[in-house]
Every structure is written in C-alpha cells, then in structure tokens.
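If you read the sequences in order, they're chains G and W. Under this note's numbering, the first residue of the first sequence carries the number 9, and numbering increases by one thereafter. Under this note's numbering, the first residue of the second sequence carries the number 256, and numbering increases by one thereafter. A virtual CB, placed ideally from N, CA and C, is assigned to each residue, including glycine. First up is the structure itself, then whatever we jot down about it.
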Amino acid sequence: MAQAALKNTSIEEFEKKQEWWWAAEKRRSSRLDYLRKAIWKKGAIGGLYAPGVKTDLEQAVLTTNMARSLENAPDPYVVKSAKIFAHVLDNKTIFITDHAQLVGYTGSLPHTMNWNPSIASILNAEVFNDPTSIPDPVDKNQAVIQDIVGYWAGKSDLDKMMPVFDMEDMMKMLSGSIGWGVPLARGGYSNKDYEYLMTGKRAFQEILEEIDKKIDEADELVHTPVANKEIALMYDKLNNWEAMKICLEAGIRIAKRYARLARIIAENFEEDPKRKEELLKIAAACERVPAHPPRTLQESFQYDIFIQMMSRTEAIEGAWPCRPDYYHGPYYDKDVNIDKTLTPEEALDLVGEFLIRAAEVCQFKPKFAREGLQGIDGTWVWTMGGVDANGRDACNDLTIAFMQAARLVRVANPTFAFRWHPHVQDKVMREVFECIRHGLGYPSIRHDPILIANAMHWHGHPIEEARLWVHQACMSPNPPTKHGYQPMRMANATANCAKIIEYVFTSGFDKIVNMQVGAETPDVTTFKDFEEFFAAWVTQMKTIFSILVRSVNRARVLAPTLTPRPFLSAISERSVESGLDTLDPSIARGNAWITAFTWVENADSLAAVKKLVFEEKKYTMAELKEALDKNWEGYEEMRLDFVKNAPKWGNDDDYVDSIMLRCLDECAKFSKEIKCPCGNNWPILPENVSGNIHYANIVGALPNGRRLGDALYDGGISPGPGLDKNGPTAVLKSCGKIDHITQGRAFLLNQRLSPTQLAGEKGYQLWRAYMRTWADLGLDHVQFNMVDDSTLRAAQKDPEKYQEVIVRVAGYSAHFVDISRKTQDNIIQRTVQGLG
Amino acid sequence: MSKRDEKRQAYTSMLIPQTQTDLQKPGDKVCGNCKNFLESSWSSDGRGACNILKFGSNIHSQPPVYILEGKDGYPTKTLHDASACKYYEKMTFVDKDGYECSDPQYRRVMRQLQDKE
Ligand code: SF4
Numbered sequence: 009m010a011q012a013a014l015k016n017t018s019i020e021e022f023e024k025k026q027e028w029w030w031a032a033e034k035r036r037s038s039r040l041d042y043l044r045k046a047i048w049k050k051g052a053i054g055g056l057y058a059p060g061v062k063t064d065l066e067q068a069v070l071t072t073n074m075a076r077s078l079e080n081a082p083d084p085y086v087v088k089s090a091k092i093f094a095h096v097l098d099n100k101t102i103f104i105t106d107h108a109q110l111v112g113y114t115g116s117l118p119h120t121m122n123w124n125p126s127i128a129s130i131l132n133a134e135v136f137n138d139p140t141s142i143p144d145p146v147d148k149n150q151a152v153i154q155d156i157v158g159y160w161a162g163k164s165d166l167d168k169m170m171p172v173f174d175m176e177d178m179m180k181m182l183s184g185s186i187g188w189g190v191p192l193a194r195g196g197y198s199n200k201d202y203e204y205l206m207t208g209k210r211a212f213q214e215i216l217e218e219i220d221k222k223i224d225e226a227d228e229l230v231h232t233p234v235a236n237k238e239i240a241l242m243y244d245k246l247n248n249w250e251a252m253k254i255c256l257e258a259g260i261r262i263a264k265r266y267a268r269l270a271r272i273i274a275e276n277f278e279e280d281p282k283r284k285e286e287l288l289k290i291a292a293a294c295e296r297v298p299a300h301p302p303r304t305l306q307e308s309f310q311y312d313i314f315i316q317m318m319s320r321t322e323a324i325e326g327a328w329p330c331r332p333d334y335y336h337g338p339y340y341d342k343d344v345n346i347d348k349t350l351t352p353e354e355a356l357d358l359v360g361e362f363l364i365r366a367a368e369v370c371q372f373k374p375k376f377a378r379e380g381l382q383g384i385d386g387t388w389v390w391t392m393g394g395v396d397a398n399g400r401d402a403c404n405d406l407t408i409a410f411m412q413a414a415r416l417v418r419v420a421n422p423t424f425a426f427r428w429h430p431h432v433q434d435k436v437m438r439e440v441f442e443c444i445r446h447g448l449g450y451p452s453i454r455h456d457p458i459l460i461a462n463a464m465h466w467h468g469h470p471i472e473e474a475r476l477w478v479h480q481a482c483m484s485p486n487p488p489t490k491h492g493y494q495p496m497r498m499a500n501a502t503a504n505c506a507k508i509i510e511y512v513f514t515s516g517f518d519k520i521v522n523m524q525v526g527a528e529t530p531d532v533t534t535f536k537d538f539e540e541f542f543a544a545w546v547t548q549m550k551t552i553f554s555i556l557v558r559s560v561n562r563a564r565v566l567a568p569t570l571t572p573r574p575f576l577s578a579i580s581e582r583s584v585e586s587g588l589d590t591l592d593p594s595i596a597r598g599n600a601w602i603t604a605f606t607w608v609e610n611a612d613s614l615a616a617v618k619k620l621v622f623e624e625k626k627y628t629m630a631e632l633k634e635a636l637d638k639n640w641e642g643y644e645e646m647r648l649d650f651v652k653n654a655p656k657w658g659n660d661d662d663y664v665d666s667i668m669l670r671c672l673d674e675c676a677k678f679s680k681e682i683k684c685p686c687g688n689n690w691p692i693l694p695e696n697v698s699g700n701i702h703y704a705n706i707v708g709a710l711p712n713g714r715r716l717g718d719a720l721y722d723g724g725i726s727p728g729p730g731l732d733k734n735g736p737t738a739v740l741k742s743c744g745k746i747d748h749i750t751q752g753r754a755f756l757l758n759q760r761l762s763p764t765q766l767a768g769e770k771g772y773q774l775w776r777a778y779m780r781t782w783a784d785l786g787l788d789h790v791q792f793n794m795v796d797d798s799t800l801r802a803a804q805k806d807p808e809k810y811q812e813v814i815v816r817v818a819g820y821s822a823h824f825v826d827i828s829r830k831t832q833d834n835i836i837q838r839t840v841q842g843l844g
Numbered sequence: 256m257s258k259r260d261e262k263r264q265a266y267t268s269m270l271i272p273q274t275q276t277d278l279q280k281p282g283d284k285v286c287g288n289c290k291n292f293l294e295s296s297w298s299s300d301g302r303g304a305c306n307i308l309k310f311g312s313n314i315h316s317q318p319p320v321y322i323l324e325g326k327d328g329y330p331t332k333t334l335h336d337a338s339a340c341k342y343y344e345k346m347t348f349v350d351k352d353g354y355e356c357s358d359p360q361y362r363r364v365m366r367q368l369q370d371k372e
C-alpha cells in the first residue's frame with residue numbers, strides 16, 4: 009500500500025474493512041515495526057526458498073574443519089561431538105539487529121539458514137542441488153559444498169544408521185510413499201526439560217556445579233578396589249558428563265561474546281543515549297544468562313532464545329515446544345506489576361520482539377519438509393493458557409500480552425495453541441478470539457481436561473506432570489518434566505494413511521513407486537463381504553504403522569551411542585543425574601505417537617465401498633478396482649456416484665461415522681500392542697500440516713472419488729472440503745463421537761468461519777456458543793480460518809497487495825502468498841461454516 | 256542366497272550417499288531427465304527408481320541388462336549415466352521453477368539438470 013494511503017486511513021477504517029494487517033502496522037510501536045520488517049521470510053514457497061534467502065556455509069565449514077582435525081584425536085565420539093558444537097559456538101559470526109533488545113540467531117547473517125552437515129547426507133546433497141539458495145559467489149561456494157558433501161558421505165548420522173536398520177523397511181521408507189521424515193535423534197522435534205531449566209532454580213553454571221559433583225563421585229567409585237559392571241559402565245557416563253560440560257561452557261562463552269559486542273557498540277559507536285542504554289542492558293542480560301537464572305523478563309526471553317539457538321546448532325529442529333506465558337510469566341509479573349521497572353507498553357515491545365526473533369529462525373530443510381510445511385520453517389506451536397501442576401488456572405498477564413503482541417506483529421510462525429479449561433476467564437477468551445477474528449488462524453484451541461486425561465491414559469504420565477504439557481510439535485502434548493519430556497520425536501513415524509485403503513486394492517503393491525510396500529493381502533475381488541474387506545484394511549494399517557515404528561524404535565535404541573546429544577543432555581535433569589545420554593530409553597517414560605496424515609479418506613472410502621459395492625451392489629469390486637487402476641478415467645459417472653451418493657464423514661451420519669470409530673478402535677487396539685523402547689504405547693494422531701498437498705501426487709485414485717493428483721483432505725478429522733453439507737454442529741457432532749481420550753493422541757479439526765458473521769460482540773457470543781458445544785462434545789482440538797474467499801481470491805490475483813494475509817494451513821499458520829497455488833486452492837475450497 | 260541377502264544386494268546402491276563425484280555435471284542422458292525416472296519423494300538428493308525396468312536390471316553393464324518383469328523397481332539415481340539405456344525417453348520439465356509442490360514425475364529442480372536446459 010502506498011505510504012500516503014496508509015497514513016490517511018485510520019486504524020478504525022482498516023479494522024472496519026477487516027484489513028487487520030494495515031491496522032496492526034499503524035498500531036505497533038516504531039521499534040516493532042522496524043524489527044518486523046527487518047526479518048526475512050524463511051519458509052519455502054512450495055518446494056523452494058524465497059529469493060534472497062541463502063544457505064549459511066559457516067556452521068558447515070566450522071563443523072567439517074573441526075571434525076577433520078579431531079579425526080585422530082583420542083576422544084570418545086560423544087566428546088568429539090561436544091567439541092565440534094563448542095567450536096561452532098566459539099567461532100560463529102554474531103550480530104545485533106538495530107533496535108533489537110534480544111539477540112541470538114542460528115545463522116551468521118539474518119538472511120541465512122544454518123546447515124549442520126553432520127546429520128544427514130541426503131540433506132547435504134540437497135544443499136548442493138538446490139538451484140536457488142547457494143550464496144554468492146556460487147561457483148566458489150559450490151566447490152566448498154562439494155567438499156563438505158564428500159567429507160560427510162558415509163559419516164553423517166543417517167549414513168551411520170542406515171546400514172543398521174532393516175534394509176527392506178529402509179527401502180520402503182526411502183520410497184517416500186508411506187512415511188515422512190528421518191528416524192534420527194538430531195532431526196525432528198525435541199522438547200526440553202523446562203521444569204529443570206526454566207523455574208529459576210538453576211542455569212548453566214549451577215548445572216556445571218552439579219555435574220562436577222557427579223564426576224567427583226564417579227571418579228571415586230571407579231577407583232575403589234573392586235571391579236564390577238557398574239564401574240565398567242561408569243566410564244561412559246564420565247564421557248557423557250565431560251561432553252555436557254563442554255557444551256554448557258561453550259554456551260556461556262557465546263553469550264559473553266554477545267555481551268562484549270553489545271558493550272563495544274554502546275561504548276564506541278552508538279551516539280543515541282537511549283539506544284546506548286539498551287545495548288548495555290543487552291550486555292548485562294548476556295552476562296547473566298544462560299550462566300545464571302534470569303532476573304527480568306528480558307533476561308528470561310534471552311535465556312530461552314539462547315537455548316533454542318544452541319539446540320538448533322546441535323540438531324535440526326522442526327518444532328519449538330514451549331509454554332512461554334507459564335515460564336516467563338513470573339518475570340512479567342515482577343517487572344510490570346511488582347517492581348514496575350517495565351511499563352506494559354515496554355513489555356509488549358519485548359513480547360513482540362520475542363515473537364519476531366522466533367519467526368526469523370531457519371535451518372535448511374529437505375524437500376519433504378519444505379513441501380509439507382510450506383510457508384514456515386517448522387511448527388513453532390507455542391502452548392498458552394492451561395492449568396498448573398495443581399490444576400489451577402495458569403493464565404496470567406503475559407498470556408494476554410502474547411495475544412496482543414501477536415496481533416501487532418502478525419508473524420505466521422510461531423503460532424499459539426491455547427489450552428482451554430472451564431476456569432479460563434472471559435477476558436482471556438476475548439483476547440484469544442480477537443487473534444482468531446484478526447485472521448491469524450491461531451490460537452488453535454485445545455481441550456485441557458481431555459488432553460490431560462489423554463496423556464495419563466496413553467503414556468501413564470502422572471497427573472501433576474500431565475497438567476504441565478506443552479505441544480511437542482503441532483498437536484501432541486508432552487510434559488516438559490524429568491522423565492516425561494521426549495528428547496526427540498522422530499518425524500518418520502508419520503504415516504501417509506490414504507495408502508492403507510489404496511493398498512487394499514493393490515494387495516500392498518505401490519503402483520506409484522513401483523514396489524511392494526504394504527502387506528500382500530488377498531486380491532480385493534475375492535472378498536465376499538465388507539468384513540473381509542475391512543480385515544484387509546486392518547492388515548494394511550498394521551503393516552504401514554509397523555514399518556515406520558520399527559525404524560524409529562531402532563534409531564532410538566541406537567541413538568545414545570551412535571548419535572548422542574550432549575547439549576540436550578546437559579539441560580536435562582535425568583541425564584545430569586544419571587550420566588546417560590538424554591535419548592537413553594531407560595531413563596524416559598516415553599511419549600511416542602504416529603502422526604496420521606491423510607486419514608479421513610479411509611472412512612469415506614470404506615463407507616463408499618460398503619454402501620455401493622457390498623450393500624446396494626451397484627458396482628462389482630472388479631469394476632471398482634478397474635476404475636481405480638485407470639485413475640477413474642472413462643468412469644466419470646461412476647466416480648461422481650462415489651462422491652455424491654456415498655455417505656461422507658462430518659455430516660453426523662452414523663453410517664460413515666461408525667466406520668470412522670471402528671477404524672480408530674482398531675488403531676487404538678494396535679497402538680497398545682506396538683511399543684516404543686521406553687515400553688510405552690504408540691497412539692495415532694490424525695493431522696496433516698500440508699502433507700495433503702505433498703502427497704497429492706503420491707496417492708493413487710481412491711474409492712471416495714479422489715483421483716491421483718487431487719489434493720487430499722486437509723485436516724486430521726476435518727471433513728473433505730465441501731463435503732460437510734449439514735453445518736458446523738453436524739461437523740462437531742461427528743467429531744464428538746470419537747473418544748478423544750482413548751481413541752488416539754489428538755485429532756486435528758480445521759474450521760472456516762465467516763469473518764462478517766463474527767464481527768462485534770454478537771460475533772464473540774456466537775463463537776463462545778460454538779465453543780461451548782465443542783467443549784461439551786469433548787473434542788480435543790479446533791482451529792479456525794477467518795479470512796473470506798474474496799480476500800483470498802484477490803490475494804491470488806494480486807499477491808503483492810496481500811503480503812500480510814495469514815491463513816491456517818493445518819497444524820500451523822502461514823502467509824497466504826507463501827504457500828503453493830494448490831494449497832491456496834485447497835484452503836479456499838474448505839466450507840465456510842455459518843454459526844447460530 | 257537368503258531372501259534377506261537378495262534384498263540387501265538389490266538395495267545397497269540406494270543406501271550409498273551422494274559423494275563428491277556424484278555432484279559433477281552429468282552427461283546429456285541421465286536417468287533424472289528420463290520420463291521413466293521416479294524421484295523418491297522422501298528426499299531430493301537424487302535417489303529414485305525406474306518406472307519400467309525392474310529389480311535385477313543394470314544399465315551400466317556391458318551389455319546392459321533389462322528386466323521388465325517382477326515386482327520391485329530398479330533403483331537408480333538422478334545423475335546416473337543413461338547413455339546406454341534403450342528405454343531412455345527425454346522428458347519435458349513442466350515445473351521449471353520448482354515453486355509448485357512436488358510432482359515426482361515432472362519436477363526436477365536439481366541444479367545439474369537445470370544447467371542442461
Ligand atoms: S534411463 Fe533407463 S533406467 Fe534410467 S529411468 Fe530411464 S528407462 Fe529407467
């Protein structure tokens with residue numbers, strides 16, 4: 009928008025037109041405005057990164073050089089890993105953005121994406137192959153990358169793991185048809201032990217002292233005049249403790265470098281006295297944290313950013329599990345309400361900047377992640393609200409400040425997920441609603457009582473721990489506690505579930521990737537009734553889930569020795585106490601889940617087969633098989649019959665809903681049979697991110713009328729776009745038939761609401777009524793898109809003008825212009841529900 | 256040979272990561288710009304399989320071995336030399352800029368293949 013038009017239009021006018029982004033731009037402070045505009049958009053647009061965003065070679069070069077120099081060093085592997093980590097932190101380029109009060113970035117410059125080449129050689133080759141993101145001068149840097157790719161070929165975590173996985177499972181996974189992601193301890197979503205780290209009792213220096221004590225005790229033990237197994241194993245623990253210390257000390261040192269830089273700028277270059285003071289405050293904060301626990305809100309945010317930056321130096325992190333209002337809230341209260349060292353406006357600036365600092369974080373990701381998470385770098389789904397360990401309302405002033413700051417800075421990542429419970433105050437719900445009304449697509453709403461019960465049911469978390477849960481990725485709860493926290497959720501237990509029904513028709517042969525992937529169930533034309541057909545479905549489900557789970561289990565068992573995480577261990581109570589790597593299954597309770605992408609197609613397809621083939625006998629199974637084989641080509645009339653005249657999920661129709669429940673029952677039963685190395689269960693979690701688009705060309709024709717190439721349904725339990733014909737209550741009723749405690753770990757529901765209908769107080773009351781029904785029916789999740797079709801269509805035509813429109817894709821939000829056309833169309837197709 | 260050994264023999268090449276030499280500019284005819292190549296949707300580092308030739312084929316042996324029957328596809332890589340393969344069919348890239356989402360059949364955004372156009 010032209011500057012003059014922006015200047016001459018009032019905030020109220022913009023809000024009336026529901027152009028919330030312009031209103032936000034006018035409302036936010038000049039500092040937030042500068043910082044918001046100073047960051048680069050890092051999410052991939054479809055398959056590639058935006059122009060200008062470049063892969064950072066600095067960490068890759070530092071890592072490779074250090075690895076080379078340590079090749080013949082007499083250090084154990086875990087100590088070498090720690091030394092490489094420390095070398096990167098000690099030598100990485102650091103910078104402070106103008107006007108910033110918080111520092112720390114994963115890359116060496118704001119437009120870069122860091123790249124750790126020691127993790128996955130597939131990723132390294134992708135860095136080289138990517139036609140857009142190699143920094144200038146391209147020729148010279150291509151040679152550098154080639155050298156790095158060559159060095160790590162055969163040495164990366166993935167290369168070390170591959171030969172010790174089952175070859176056949178590995179090939180099926182590599183085909184990309186049934187699963188997503190890699191089974192690696194340094195590539196996925198790691199929660200943190202926030203109860204150890206963020207409650208003000210200790211930080212790195214205090215942990216170092218705890219470790220020193222442990223080392224002294226162990227040292228004494230190994231020199232006692234006995235020899236036994238405990239002593240034999242103690243040397244490994246000593247190595248782990250040594251590695252943890254190296255990481256923590258390096259963490260303190262890099263913070264001190266930031267402090268020094270801030271001081272140098274303040275004392276030598278800065279002329280503005282106010283900015284000088286801010287820089288000195290940054291210096292003081294970085295001298296304090298992460299060495300010691302924070303004392304102020306700024307230090308608390310700074311501590312959090314440092315921990316994330318370090319974790320992202322050690323691993324590829326696809327998420328940012330946290331609960332910022334809960335853990336930073338006491339500092340907000342102290343600074344704003346008690347000591348009054350910050351005005352609410354100053355605090356809001358800090359909160360907004362904290363969001364911006366998180367929004368800019370980026371690591372180079374492989375293709376499947378770029379496509380599956382279009383528009384964002386990973387799912388930074390921040391947990392808000394909820395209850396404390398005693399079950400009391402944990403919402404605080406910072407919860408509200410986060411909602412307000414989100415509306416001002418309007419970043420698509422992080423997004424919030426709000427833990428609703430019956431005691432949330434109306435003033436908090438209003439703030440939550442305002443974010444949704446402003447079209448952010450977040451917070452998503454989570455049902456706290458249901459999910460606490462769910463965490464106890466599936467993983468046996470004690471109630472006091474279950475109540476502290478945070479989102480480990482988009483959807484799955486995990487308590488950030490000593491034994492409860494999950495150090496790495498490996499993304500490859502992500503099933504492309506539409507393949508379950510597809511394989512029933514092909515006896516497990518995948519025609520897209522040309523290989524036997526599923527079980528060799530009998531020829532589908534031989535099934536005499538629906539029961540036989542359904543039994544084949546169950547077999548395919550078990551086969552696919554098992555392939556994925558087996559490799560994650562294997563990787564988890566091997567992780568402590570093959571791919572240890574000394575930094576993450578150093579900030580985990582259970583590792584500091586035991587001397588074992590934090591990935592060691594023996595010291596964790598377990599919190600595994602199978603993400604079920606493309607799930608709902610199964611219920612709709614099974615219902616269509618049951619009705620049209622077995623009951624009405626309108627078509628023979630042979631005809632249907634033939635039609636699917638031909639991708640419905642030449643069978644359009646028949647296809648439309650399967651679309652229009654078979655019952656569809658989401659319409660409160662017991663015919664298909666009971667099939668959905670039956671499928672979930674079978675999965676729930678199986679989830680308790682398959683176990684993780686901690687001995688715990690593997691429940692399923694239907695959701696999609698943008699996997700429904702990524703898999704569009706990988707899933708063949710299905711009996712719900714879908715053709716190869718058509719986008720799949722968008723949500724975990726969302727009805728197919730346009731197929732929910734009976735209104736929003738029917739959708740809720742269908743979804744409410746699922747037992748959200750015992751039938752799975754969580755269930756994603758996307759809803760589109762009309763922004764016009766939800767305007768004003770009446771709109772809020774309508775939404776509250778909808779939410780009451782949602783809560784009464786016991787759904788664990790719902791999220792909203794509230795941008796109308798005309799705005800989205802206009803944004804497709806004129807993207808430049810609508811750069812700031814945000815939409816809810818699935819478990820995350822993204823700027824509409826940053827997602828591929830196919831995903832955009834898929835969002836527009838979703839049914840807009842009228843309430844009331 | 257046990258079935259396990261057979262599988263291992265078939266798939267080992269797929270598990271070998273890209274090396275420095277793999278990233279050199281390839282010749283004009285490579286599997287990656289053949290219509291019959293199916294890139295793995297799991298990674299875009301070059302792994303994939305042939306959609307026509309089956310397991311047991313070898314386009315690099317003298318003479319090449321073409322197996323057309325069987326269940327499992329022939330694992331190959333984007334930059335594998337296909338100059339000797341009689342089933343090679345040059346493909347047209349439909350999504351040249353790569354900003355659209357994956358279509359394993361028609362989207363090859365790899366630097367080396369782009370340079371060939
Ligand atoms: S060149 Fe030959 S082996 Fe390679 S993909 Fe084409 S047909 Fe298959």
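Boundaries of the alpha helix (DSSP H) in which R562/G is found, first to last residue: 538–570
Beta-carbon proximity list for P319/W, same chain, < 8 angstroms, skipping 5 on both sides: S312, N313, A339, C340, K341
G303/W at chain G interface by Cβ criterion, 7 angstroms: no
Rounded straight-line distance, which links the Cα of P332/G to that of P495/G: 19 angstroms
Residue closest to E294/W, alpha-carbon to alpha-carbon, out of I814/G, W28/G, G184/G, T387/G: G184/G
Secondary structure of A263/G, DSSP reduced to three states: helix
Among K245/G, L216/G, C743/G, E218/G, the one whose alpha carbon lies nearest that of N659/G: C743/G
Interface flag, K345/W vs chain G, CB-CB below 7 angstroms: no
Within chain G, the residues that S312/W reaches when beta carbons sit closer than 9 angstroms: Those within 9 angstroms of S312/W in chain G number zero; the least Cβ separation is about 12 angstroms.
Option in D826/G, P530/G, S198/G, D673/G with minimal Cα separation from Q804/G: D826/G
Cβ-based burial, Q264/W [other Cβ within 10 Å; buried from 16]: exposed
Nearest neighbour of D244/G, chosen from N421/G, A128/G, I602/G, D589/G [CA to CA]: D589/G
Inter-residue CB distance, A616/G and P727/G (contact presumed, cutoff 8 angstroms): With 8 angstroms as the limit, A616/G and P727/G do not qualify as a contact, their Cβ atoms being about 14 angstroms apart.
Reference I579/G; option with closest CA among G259/G, T349/G, P302/G, I520/G: G259/G
Proximity test, Cβ basis, 7 angstroms: K326/W and chain G: yes
Endpoints, beta strand (DSSP E) assigned at S452/G: 452–455
Under 7 angstroms by beta carbon: chain G residues contacting L293/W: V521, N522
Simplified DSSP state of H95/G, which is helix, strand or coil: helix
Contact set between K341/W and chain G, taken where Cβ atoms lie within less than 7 angstroms: By Cβ distance, chain G contributes nothing, its closest Cβ being about 19 angstroms from K341/W, past 7 angstroms.
Cβ-heavy atom distance, N688/G to the ligand SF4, below 6 angstroms: no
Three-state secondary structure assigned by DSSP to W160/G: helix
Backbone CA spacing between Y57/G and D662/G [nearest angstrom]: 45 angstroms
Sequence-distant residues of the same chain with beta carbon closer than 6 angstroms to K371/W, five excluded per side: For K371/W, the predicted model reports a pLDDT of 40, less than 50, meaning its position is unreliable; a value from the coordinates is still stated below. So the list is empty, once near-sequence residues are dropped.
Cβ-heavy atom distance, F310/W to the ligand SF4, below 6 angstroms: no
Any 3 or more C-beta pairs closer than 8 angstroms across the region 698–710 of chain G and the region 830–840 of chain G: yes
Q310/G classed as buried or exposed, judged by whether at least 16 other C-beta atoms fall within 10 angstroms: buried
Within-7 angstroms CB hit, N306/W to chain G: yes
Cα-Cα separation, I520/G to V707/G: 7 angstroms
CB contact check: S300/W to chain G, cutoff 7 angstroms: For the record, residue 300/W in the displayed sequence is Asp; it is not Ser. Yes, because at least one Cβ of chain G sits closer than 7 angstroms to the Cβ of D300/W.
Interface flag, K290/W vs chain G, CB-CB below 7 angstroms: no
Cα-Cα separation between A12/G and Q811/G, rounded to whole angstroms: 18 angstroms
Contact residues within the region 182–209 of chain G, judged by C-beta distance below 9 angstroms to chain W: L182, S183, G184, S185, G187, W188, G189, V190
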